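Sequence lines, in order, name chains E and D. Per our numbering, the very first residue in the first sequence carries number 25; after that it's consecutive. Per our numbering, the very first residue in the second sequence carries number 25; after that it's consecutive. Quick reminder that beta carbons are idealized off the backbone N, C-alpha and C, glycines included. Small disclaimer: the values here were computed from a predicted structure and weren't measured. This report concerns only the one structure given below.
2 protein chains.
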Amino acid sequence: MKIVLLGSGNVATHLAKALKVEGEDVVQVYSPNLNHAKLLAGAIEADGINDLNEVEQYADLYIISVKDDAIESIARSLSNVTGLVVHTSGTTDINILSSQVRKAGVFYPLQTFSKDKEVSFENIPICIEANGEIQLAILKNLAAKMSRKVHELNGEKRKILHLAAVFACNFPNHLYALANKILNQNGLDFDIIRPLIAETADKVMSNLPENVQTGPAIRADENTLTTHLSMLTDMPELQNIYQTLSNSIKLTLK
Amino acid sequence: MKIVLLGSGNVATHLAKALKVEGEDVVQVYSPNLNHAKLLAGAIEADGINDLNEVEQYADLYIISVKDDAIESIARSLSNVTGLVVHTSGTTDINILSSQVRKAGVFYPLQTFSKDKEVSFENIPICIEANGEIQLAILKNLAAKMSRKVHELNGEKRKILHLAAVFACNFPNHLYALANKILNQNGLDFDIIRPLIAETADKVMSNLPENVQTGPAIRADENTLTTHLSMLTDMPELQNIYQTLSNSIKLTLK
């Protein structure tokens with residue numbers, strides 16, 4: 025397949041490399057910033073462009089992988105293409121595309137991507153949706169080449185999944201950062217809690233999290249909870265988070 | 025070393041098995057519940073007892089691994105022993121022991137233990153403290169046999185570490201549980217986000233979490249934040265947590 029990639033952020037970068045591995049022919053990478061476009065394009069032997077008028081009109085697939093609020097205007101510039109146009113967003117409705125182009129779809133890889141961290145697509149769930157059977161077949165085929173986990177999900181379910189992903193990924197990562205803040209302020213290194221973080225995630229690979237909750241809140245250990253809250257007096261924001269999450273854990277006891 | 029283990033919970037269970045692997049001689053396991061004592065004792069060829077008066081008086085090491093508020097009364101029953109008495113708590117001061125026994129210490133493995141999940145002690149940081157050089161040497165030696173990561177920490181630092189561990193382990197696990205709640209209410213399975221959880225933890229093994237934060241809050245993507253909050257209207261507790269943690273992530277942008 026001849027593919028045009030519109031975007032050069034974290035998702036676009038990882039997607040581009042995974043498509044390349046599968047032997048797909050990514051011909052162009054677009055970014056409003058030409059340097060960004062060329063940098064990613066260079067890594068996958070494509071052309072980097074920063075002008076939407078230069079987009080190849082006869083590609084099979086256009087992948088829009090940009091911030092949610094930029095998807096619509098890019099889709100508008102593709103209204104004349106005959107190929108399939110997809111976005112990679114968890115929250116954005118497919119209609120934002122199908123109102124602009126004839127063949128529309130969604131190709132949402134459920135993963136957290138950071139530029140310098142390699143990930144194997146094989147285990148990444150890819151959620152697909154399309155506005156027609158042929159389009160869906162194209163996406164299903166492409167997704168199945170890249171991943172062992174392909175899910176056909178409508179926009180409603182995809183949004184739910186994205187919301188759950190914020191709880192399961194973005195928030196835990198922020199809590200790791202707060203833990204690091206506490207450690208650093210007291211001359212301790214993040215390295216000391218890395219094994220704990222790894223095991224916490226590993227435990228829920230074969231268990232449901234509600235069955236393996238540990239810590240003072242689930243033990244209703246009021247002494248420790250009070251001690252911890254008092255240790256956070258100088259960090260009211262963290263104290264509030266500690267209180268909110270501990271209360272939520274205690275609710276599961278009822 | 026001849027060791028008596030007082031406790032039969034998650035920490036005690038994993039510790040007992042790890043001590044056995046290292047060839048240490050755990051002679052007794054105490055629990056107020058005789059069945060619990062015998063169950064764990066049976067697994068490591070020790071005697072199970074439920075009467076503190078039956079505790080062997082000439083062991084080298086007594087490990088008190090029970091709920092924090094039960095440590096003191098058990099320590100009191102050991103006031104006549106000549107061996108080293110340690111607890112395994114992150115929050116409890118060493119003084120609670122040294123006021124009762126001559127040789128006191130702390131042996132705190134920084135990990136989350138669940139009964140049915142095997143863990144290798146090799147990578148678990150063990151934090152030690154003692155009320156004398158000889159006691160410290162004994163604990164250092166034992167810890168180094170079990171783990172590659174031995175930290176000599178005073179009670180103040182250990183408490184900080186325990187607090188950080190709540191943020192890095194107990195709270196993330198609860199957030200996994202909330203994600204599962206959202207998924208289940210919408211007919212989706214937890215399995216779909218397991219790869220995301222694994223990668224989120226894996227990313228911070230070689231990065232600092234504040235450098236790899238992703239998601240709508242760090243992008244200041246107000247549309248998605250508003251959509252997500254409105255999706256949680258029927259779950260005010262989760263809505264509050266979403267708001268609190270998103271605000272905290274946004275604070276890091278300043």
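Original post:
For a contact meaning CB atoms closer than 9 Å, what does E:G239 contact in chain D?
Top reply: Per Cβ cutoff of 9 Å: T136, A189, V190, C193, N194, F195, N197, H198.
**OP:** Quick one: using the 10 Å Cβ neighbour count with 16 as the cut-off for buried, is D:S272 buried or exposed?
**Re:** buried
**OP:** For E:P233, decide whether its Cβ has a neighbour in chain D, counting only Cβ atoms nearer than 8 Å.
**Re:** yes
**OP:** Check whether the Cβ atoms of E:G179 and E:D93 sit closer than 8 Å, and answer yes or no.
**Re:** no
Original post:
What residue ranges within the region 43-104 of chain D form continuous beta strand (DSSP E) runs of no fewer than 3 residues, ordered along the chain?
Top reply: 49-54, 71-73, 85-88
Original post:
How long is the line joining the alpha carbons of E:A167 and E:A154, rounded to whole angstroms?
Top reply: 13 Å
Original post:
Using a beta-carbon distance below 8 Å, is D:E261 in contact with chain E?
Top reply: yes
**OP:** From the DSSP output, read off the bridge partner residues of D:E176.
**Re:** D:I152
**OP:** Consult DSSP for E:F131 and reduce its assignment to one of helix, strand or coil.
**Re:** strand
**OP:** Using only alpha-carbon positions, find the residue among E:R182, E:S144, E:T276 that is nearest to E:V45.
**Re:** E:S144
**OP:** Just tell me which of D:E69, D:G107, D:G114 has its CA closest to the CA of D:D35.
**Re:** According to the sequence provided, residue 35 of chain D is Val. The question's Asp does not apply to it. Among D:E69, D:G107, D:G114, the Cα nearest to that of D:V35 is on D:G114.
Original post:
Hey, D:Q344 and D:V105 are a contact pair by Cβ (cut 8 Å); roughly how many whole angstroms apart?
Top reply: Because chain D spans 25 through 278 in this model, residue 344 of chain D falls outside it and cannot be assessed.
Subject >> CB contact flag (E:M255, D:K183, <8 Å) >> reply: yes
Subject >> Chain-ordered chain E contacts of D:H252 [CB-CB under 9 Å] >> reply: T115, K183, H186, L187, V190
**OP:** Starting from the beta carbon of E:H175, find every residue of chain D whose beta carbon is closer than 8 Å, and list them in chain order.
**Re:** I216
Subject >> Backbone CA spacing between D:P133 and E:V125 [nearest angstrom] >> reply: 58 Å
Original post:
D:K139 lies in the beta strand (DSSP E); which residues open and close that run?
Top reply: That residue, D:K139, is in no beta strand (DSSP E); it is neither H nor E in DSSP.
**OP:** Assuming E:V90 contacts E:D71 (C-beta within less than 8 Å), just tell me the rounded distance between them.
**Re:** With a Cβ gap of about 18 Å, E:V90 and E:D71 do not count as contacting.
Subject >> Best match in E:I217, E:K227, E:N74 for proximity to D:M229 [C-alpha to C-alpha] >> reply: E:I217
Subject >> Min CB distance E:N283 to chain D below 8 Å >> reply: Outside the modelled stretch of chain E, which goes from 25 to 278, sits residue 283 of chain E, for which no answer is possible.
Subject >> Within-8 Å CB hit, D:D258 to chain E >> reply: no
**OP:** Go ahead and pull the three-state DSSP assignment for E:L29.
**Re:** strand
Original post:
For the alpha helix (DSSP H) that contains E:V228, what are its first and last residues?
Top reply: 218-230
Original post:
Name the chain E residues that come within less than 7 Å of D:M229, Cβ to Cβ?
Top reply: R218, A222
**OP:** Tell me whether E:G66 is buried or exposed, calling it buried when 16 or more other Cβ atoms sit within 10 Å of its Cβ.
**Re:** exposed
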